[in-house]
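Residue numbers (UniProt numbering): 1 to 194.
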């Protein structure tokens with residue numbers, strides 16, 4: 001039988017709950033609100049559980065990044081299966097709309113807060129950069145499959161417009177991401193000679 005916490009929660013489940021709770025707390029109240037006790041309470045775990053998995057605040061911040069990635073990953077999966085440029089554009093637009101939707105408010109805010117927190121914390125900045133590389137690989141592979149000559153550069157451009165759209169919608173909820181998300185892929189493929 002696998003080991004459990006006193007409450008019967010498996011260690012893997014506890015880590016996932018801690019990551020999710022960390023992301024939610026950062027998104028709702030900022031990185032300064034991230035404490036082991038707050039995460040325990042938010043995750044519904046016994047006091048002291050979080051510190052068993054994440055000893056430092058830096059580790060909690062990394063867990064928050066993992067929590068954001070876990071929530072956003074299913075949305076990014078569409079890029080792995082697109083067969084046409086129109087599907088890519090529709091998928092990216094759907095991703096932005098989902099990430100900026102009501103049910104993802106805390107995740108969206110956590111994403112932005114972690115980016116900003118990384119300005120002052122080289123270790124956090126490196127973790128954010130590592131997470132972004134994972135997103136870039138998925139987009140680059142999709143662009144290559146669709147015939148882009150410079151898929152890595154194209155992925156960088158798409159990420160910039162997607163991230164910019166997320167920030168713009170956060171600040172101005174009525175902002176429409178459609179124009180940027182349609183223009184940038186068109187430019188990427190025009191550079192490819194199509």
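Just so it is clear, CB atoms sit at the ideal spot from N, CA and C, and this is done for glycine as well.
Nothing here was measured: the structure is a model prediction, and the numbers come from that model.
| Item | Value |
| --- | --- |
| Note down the Cα distance separating residue 104 from residue 135, rounded to an integer number of angstroms. | 18 Å |
| Assess, as a yes-or-no matter, whether the segment 60 to 68 is touched by the segment 95 to 114 under the definition of 3 or more beta carbon pairs within less than 8 Å. | yes |
| Below 8 Å, how does it come out for the segment 78 to 96 and the segment 38 to 55: are there three or more Cβ pairs, yes or no? | no |
| State the DSSP-derived secondary structure class of residue 48, mapped to helix, strand or coil. | coil |
| Within the same chain, show all residues whose beta-carbon is closer than 6 Å to that of residue 21, passing over the 5 residues directly before and after it, in chain order. | 39, 42, 43 |
| Can the beta-carbon of residue 99 be found closer than 8 Å to that of residue 166? | yes |
| Using the three-state DSSP reduction, which class does residue 36 fall into: helix, strand or coil? | helix |
| Under three-state DSSP, which class holds residue 6? | Caution is warranted here: a pLDDT of 47 is assigned to residue 6, below 50, making its placement in the model unreliable, and the coordinate value is therefore given only provisionally. Here residue 6 sits in coil by DSSP. |
| Quick one: Cα of residue 176 to Cα of residue 164, how far? | 12 Å |
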